[in-house]
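Structure first, commentary second.
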Amino acid sequence: MSSSSGQPQFRYTQTPSKVLHLRNLPWECTEEELVELCNPFGKIINTKSNVGANRNQAFVEFADLNQAISMVSYYASSSEPAQVRGKTVYIQYSNRQEITNNKSSGDVAGNVLLVTIEGVEAGDVSIDVIHLVFSAFGFVHKIATFEKAAGFQALIQYSDAETASNARNALDGRSIPRYLLPEHVTSCHLRISFSAHTDLNIKFQSHRSRDYTNPYLPVNPSAIEGTLQPTLGPDGRKKEPESNVLLASIENMQYAVTVDVLHKVFSTFGTVQKIAIFEKNGGMQALIQYPDVATAAVAKESLEGHCIYEGGYCKLHLSYSRHTDLNVKAHNDRSRDYTIPDTGMLTIPQAPGLPTAAAGWQANPQSASMYAGNDYAVGAQAPGPNRQMPTWDPSMRGGAYVAAPSTYPGQTFAPPPVSHYPASAAISSAPAESLQASQPMAQYGMLPNARPPTSASAGQPLYYPS
DNA sequence: AGCACA
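Heads up: the first sequence at position 329 corresponds to 329 in full-length UniProt numbering, and the numbers run straight through without jumps.
Written out as structure tokens, the structure is:
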């Protein structure tokens with residue numbers, strides 16, 4: 001289908017299209033009002049409303065081009081302008097030939113809604129209010145709320161997509177009733193799409209998340225106080241619950257950090273199941289999923305504050321995510337699912353049967369070393385001078401990492417030559433000398449044996465986190 | 001009041 005001829009129109013009249021662009025619509029103009037306005041001129045086969053930053057534009061697609069022409073012509077010569085609720089509406093041909101609905105992402109109906117609540121702080125709308133509003137359409141199974149750049153958001157889980165669709169159709173673009181909100185809240189518009197989730201993983205009852213199907217779920221004391229995704233301060237100690245999924249914020253990103261680079265870095269501590277990269281507040285963050293909490297804990301302790309590339313570049317800040325099982329595309333530039341067979345080179349033996357979420361919350365140190373061993377057996381077999389297969393003993397992280405993290409040389413990696421992409425970057429297990437190593441795969445292992453600081457500064461200075 | 005979606 002030819003949809004967009006992206007060329008600008010050097011004409012006095014636009015090219016006719018059976019799609020009309022309507023602007024200056026009243027706020028929250030409904031599809032019904034659009035139909036009411038346009039129906040006299042022909043059959044409407046599609047609409048798209050609440051378009052634009054102000055949500056006051058819309059597109060209407062007629063079945064036939066002549067119907068669109070008749071509407072434009074009519075109002076071009078009419079003494080009465082087109083109006084919706086008394087507001088003059090400006091109509092012209094769209095520069096596209098058909099309405100493209102975004103059926104690929106947030107419009108594929110599912111049983112979980114992603115709700116963005118605009119214009120409010122997280123504290124303004126309680127989870128009970130959200131529950132009340134969305135319960136009008138059916139039993140709400142679970143709610144998870146969180147804050148991100150888009151604003152205050154909530155995931156609402158219903159039992160089925162039909163119920164979710166009903167709620168979405170009724171509430172998208174509308175507002176939570178004023179009397180349910182604090183006085184100072186002036187506007188509170190809901191923007192609703194479908195989430196790709198089907199079953200939320202609620203770990204605790206808290207002011208941020210609820211599982212209404214499981215009243216015996218424990219109340220999480222630490223979740224009641226806290227902010228969700230902590231940006232770790234210098235002394236950063238948050239009482240966040242442990243998780244098998246790490247949230248990595250990457251600071252000072254002078255070099256591109258790819259999924260592959262992250263996989264190499266984090267695979268040092270065990271099998272990496274999934275990775276997702278995303279933007280947050282202009283910075284880059286990533287979620288790294290391990291099979292269990294113990295492995296994640298080792299990785300977190302080991303890597304926190306350290307840099308992927310030497311010179312203070314791509315400094316990692318790690319915290320525990322609230323996720324336990326990431327929902328990611330199997331293979332693209334932003335995410336990877338290594339548990340899917342035939343993806344990449346890793347064959348993950350435990351993938352099919354392992355209940356990751358459940359296992360994730362039963363820290364099992366032995367499983368950590370078991371998976372780590374598997375991972376190394378598969379992924380780090382390249383022979384090399386320093387090939388010591390680390391057998392992870394969780395007890396050793398106390399001595400090796402916590403006591404002297406800044407002297408741990410293995411955690412600073414060589415920056416890639418400017419002409420090379422970091423995918424081929426050396427991830428050095430030894431400091432300066434081996435930065436130019438010609439066999440990147442041989443550097444897979446970041447050896448847990450901390451060297452004395454003196455030997456670490458042979459050639460280039462290592463970056464020591466403050 | 002001036003063109004979405006990925």
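Beta carbons: idealized from backbone N, C-alpha and C, even for Gly.
Limits of the beta strand (DSSP E) - the one that residue 146 falls within: Here the beta strand (DSSP E) through residue 146 covers 142-148.
Proximity to residue 91 [Cα-Cα], best of 163, 257, 58: 58
DSSP-derived helix/strand/coil call for residue 93: strand
CB of residue 142 within 8 angstroms of CB of residue 210, strictly: In this structure, residue 210 lies closer than 8 angstroms to residue 142 by Cβ.
With 16 other Cβ atoms within 10 Å as the buried cut-off, status of residue 240: buried
C-alpha distance - residue 167 paired with residue 213, whole-angstrom precision: 19 angstroms
Sequence-distant residues of the same chain with beta carbon closer than 7 angstroms to residue 107, five excluded per side: Only 101, 193, 194 meet the Cβ criterion.
Cβ neighbours of residue 217 in the same chain (closer than 8 angstroms, five flanking residues each side left out): 202, 203, 204, 205, 211
Reference residue 299, options 172, 247, 269, closest by Cα: 269
Length of the line joining the Cα atoms of residue 18 and residue 49: 16 angstroms
Which listed residue (56, 179, 313) has its alpha carbon closest to that of residue 129: 179
Three-state secondary structure assigned by DSSP to residue 366: At residue 366, the pLDDT of 35 sits below 50, so the modelled position is not reliable and the matter cannot be decided from this model.
Residues near residue 28 by beta carbon distance below 6 angstroms, same chain, minus five either side: 173
Residue 85 - DSSP class collapsed to helix/strand/coil: coil
Residues bridged to residue 198 (per DSSP): In the DSSP output, where bridge partners are listed per residue, residue 198 has none listed.
Reference residue 278; option with closest CA among 257, 292, 264: 257
Span separating the alpha-carbon of residue 138 from that of residue 284: In this structure, the CA atom of residue 138 is about 37 angstroms from the CA atom of residue 284.
Separation of residue 115 from residue 14, as counted between CA atoms: 37 angstroms
Supposed contact pair residue 196 and residue 327 - C-beta distance, whole angstroms, cut 8 angstroms: With a beta-carbon spacing of about 6 angstroms, residue 327 and residue 196 fall inside the 8 angstroms limit used to define contacts.
N- and C-terminal bounds of the alpha helix (DSSP H) containing residue 264: 259-267
Beta carbon of residue 125 nearer than 8 angstroms to that of residue 157: no
Backbone CA spacing between residue 433 and residue 311 [nearest angstrom]: The pLDDT assigned to residue 433 is 29, lower than 50, so where the model puts this residue is not dependable; a value taken from the coordinates is nonetheless given after this. Approximately 15 angstroms, taken between the alpha carbons.
Under the three-state DSSP convention, the category residue 117 falls into: strand
Other residues of its chain near residue 81: CB distance less than 6 angstroms, five sequence neighbours each side excluded: Once the five neighbours on either side are set aside, the close Cβ partners of residue 81 are 88.
Under the three-state DSSP convention, the category residue 123 falls into: In this structure, residue 123 counts as helix in the three-state DSSP scheme.
Range covered by the beta strand (DSSP E) that runs through residue 328: Here residue 328 belongs to no beta strand (DSSP E), and DSSP marks it neither H nor E.
Residue 97 to residue 199 span [Cα, whole Å]: If you take the alpha carbons of residue 97 and residue 199, they lie about 38 angstroms apart.
Contact check, residue 319 vs residue 247, beta carbons under 8 angstroms: yes
Which of helix, strand or coil DSSP assigns to residue 128: helix
As assigned by DSSP and simplified to three states, the class of residue 69: helix
Range of the contiguous alpha helix (DSSP H) that encloses residue 168: 161-171
Delimiting residues of the alpha helix (DSSP H) encompassing residue 35: 31-38
Rounded straight-line distance, which links the Cα of residue 44 to that of residue 307: 57 angstroms
Helix, strand or coil at residue 61 [DSSP, three-state]: Strand, per DSSP.
Residue from 146, 151, 176, 140 whose Cα sits closest to the Cα of residue 162: 140
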